[in-house]
Amino acid sequence: MIDGQNLCDSGMCRPGGFAITDRAVQYCAFSSKAKLADIGCGLGATVQHVRDKYGFLAYGVDLVTSAPNCMVGDAHCLPLEDGSMEGLLFECSLSKMRDPETVLSQAFRALAPNGKIVISDFYSLGESSAFPGRIGWVGSQKDLHRTLQRSGFSVLLFEDYTEHMKALWGQMILTYGLDAVCRSYGFCTRTARRPKLGYCLIVARKEEKVS
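Structural data, given as structure tokens:
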């Protein structure tokens, strides 16, 4: 029986399936054979998806991984050459990073000029907050924009996909039960404050720094 600790490893933690990934890829209009990296790639599902569907030279980076075309590495010190990537994907991973601004600085370094960063993740419908477990730090739309701008990115697209998140959580609750889902995401149904969570897609472009 799957429990709260490994629930997300079951493959049920992707709001909308690959629909948000596809929306981002099509919006970014990456070149043929573009080099992309999925940061926090987990089991490498996104890496395989964009390789198979679009023919991109996609790779993954995670603290622990043995998936094909994925490498072990820390997002705070990306094992990627300067200016080597046309796009970087953060699918429900940036919120888990202990120092998001360092991670974004590394992303800026690894991206080619005008390269794009794609973030699909939780965001706060109220004030920015930190949660334990699998949610992590959840920024408001305004704070996420400010953090990206401070790191040298200009936001091109912000789209809300909260309904996808609600549908996924509804299915997970039906399958595993409310307590297991709440334990996995790090809040208690009885005692913890109820998070005002949304889910979003952000696409931002690396801007050249003026010396």
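With the working numbering, you'll find the sequence shown wraps up at 366, consecutive numbering, no jumps.
Every residue, glycine too, gets a C-beta built ideally from N, C-alpha and C.
Arg264 and Val216 have their C-alpha atoms spaced approximately 15 Å apart. Apart from sequence neighbours up to five positions away, the residues of its chain that approach Thr201 with a beta-carbon distance below 7 Å are Thr176, Asp193, Leu244 and Glu246, ordered along the chain. Secondary structure at Ser284: strand, using DSSP grouped into helix, strand and coil.
A direct Cα-Cα distance of roughly 16 Å separates Thr220 from Leu235. Bridge partners of Val358 according to DSSP: Val273 and Leu312. In its chain, beyond the 5 residues on either side, Ser306 have a beta carbon closer than 6 Å to the beta carbon of Leu259.
Shown here for Arg360: same chain residues with a beta carbon closer than 7 Å to its own, the five before and five after excluded, namely Asn269, Lys271, Phe308, Ser309 and Leu311 in chain order.
For the stretch 192–253, the full-length beta strand (DSSP E) segments reaching 3 residues or more read 212–217, 225–227 and 240–246 along the chain. In this structure, the CA atom of Asp237 is about 13 Å from the CA atom of Leu191. Counting other Cβ atoms within 10 Å of its Cβ, Gln261 reaches 16 or more and is therefore classed as buried. In the DSSP assignment, Gly307 falls outside any beta strand (DSSP E), carrying neither H nor E. The DSSP-derived three-state label of Gly291 is strand.
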